[in-house]
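Here the sequence shown stands for residues 14 to 217, where the numbers follow this note's numbering. Taking it in order: structure first as C-alpha cells, then the write-up.
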Amino acid sequence: MGYANASTLNLPFILYCQELAIGLNSISVCFFAKLQLQESNIITVYPLLQGYMTEKHEPCLICERVTLWRNGQNPYFIHEFEHSIFVIGDHQFHRGYSLILLKKHIRELHELPPLIQSALFQEVMLAGQAIVNAFSPWKMNYACYGNGEPHIHWHLFPRYESDPDRKTNPWRNVSEFKHHLISSQTAQNLREKVTEHLSLLITR
C-alpha cells in the first residue's frame, strides 16, 4: 500500500488506496489520512466513510423514503445534496417543517468521518436558511435523535410567534401532527416555495 508524499500537498487530508476505489463500496481498501505536513508523515488514519456502506439492518422508514426518491417516487422531495436529501415533512403542524435524510443508512453522527460531518452540517444549514427565507419564522429548531428510526436524519421545525407554545419543544403537540397531514399537491406547492429560495442560496 503506497502513501502520498505529504510534502507535495497543501491539504490537511489525503486519500490513499490499496487498489482502485469504486464509489463508496471500496471502504475496506481506501482511507482518509490526516497529515502532519511539517514532518511529512501520517499521524491519524480514518477509514474512508467508516460504516458508510449500507449494511443489513432492520426495516427503516428513512431508507424507504430515500429509495422512493431514488426511484423518482417521493412527492416530498425538495433537493439532493451530496450526502443527503431535503424533503418536506408529511405533516405541516409547523408550516415549513422539513427533514434532511442521510442517503446512507448510518446510525450515529460520530460514525461519519469528520469531513462528512462538516459537509452534512452545511447541508442542514442551507436547508434551514431556505426555510427561513421562505416562511419567515420566529425561530428555527433543529433536532437529530434517531431513537425511533436509527438512521441519521434532521428535523427542521420553523416556529412562529402565533404559536402559544413556541418556547417549548416542537413535539409538545405531537398528538396533533396526524391532523395536519398534507396532500401531494400541498407538498408540491411547499416544495416549489422552498426550492425557489434554496436555489438563490446555492447560486450565490
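All C-beta atoms, glycine included, are put in the ideal place defined by N, C-alpha and C. Given the structure is predicted, the values throughout are model-derived calculations rather than measurements.
- Taking all protein chains shown into account, His118 has 16 or more neighbouring C-beta atoms within 10 Å of its C-beta and is therefore buried.
- The way I'd put it, the stretch 94 to 112 does touch the stretch 164 to 176; three or more beta-carbon pairs between them come closer than 8 angstroms.
- Residue pairing by DSSP places Lys206 opposite no residue, since no beta bridge is assigned to it.
- CA-to-CA, the gap between Asn186 and Asp176 works out to about 11 angstroms.
- Taking C-beta atoms under 8 angstroms as the contact rule, Tyr158 and Gly141 fail to qualify, at a distance of about 17 angstroms.
- For His166, same chain residues with a beta-carbon under 6 angstroms away, outside a window of 5 residues either side, are Ile75, Leu112, Leu114 in chain order.
- Looking only at Asn202, Leu194, Ile98, Met153, the smallest Cα-Cα distance to Thr181 is reached by Met153.
- In this model, Val100 and Gln86 are separated by some 12 angstroms (Cα to Cα).
- In summary, Glu136 is buried, with 16 or more beta-carbon neighbours lying within 10 Å of its beta-carbon over all protein chains present.
- With contacts defined by Cβ atoms closer than 8 angstroms, His210 and Asn146 form a contacting pair.
- Sequence-distant Cβ neighbours of Val207 in its own chain, meaning closer than 6 angstroms and more than five residues away, are Ile91, Ala143, Ala147.
- Between the alpha carbons of Thr199 and Pro150 lies a distance of about 19 angstroms.
- Taking Phe94 as the centre and dropping the five residues before and after it, the same chain places the C-beta of Glu136 closer than 6 angstroms to its C-beta, in chain order.
- Taking Arg120 as reference, the option from Glu162, Ser188, Leu81 with the minimal CA-CA separation is Glu162.
- Distance check between Asn202 and each of Tyr89, Leu81, Cys73, Pro72 places Tyr89 closest, using alpha-carbon atoms only.
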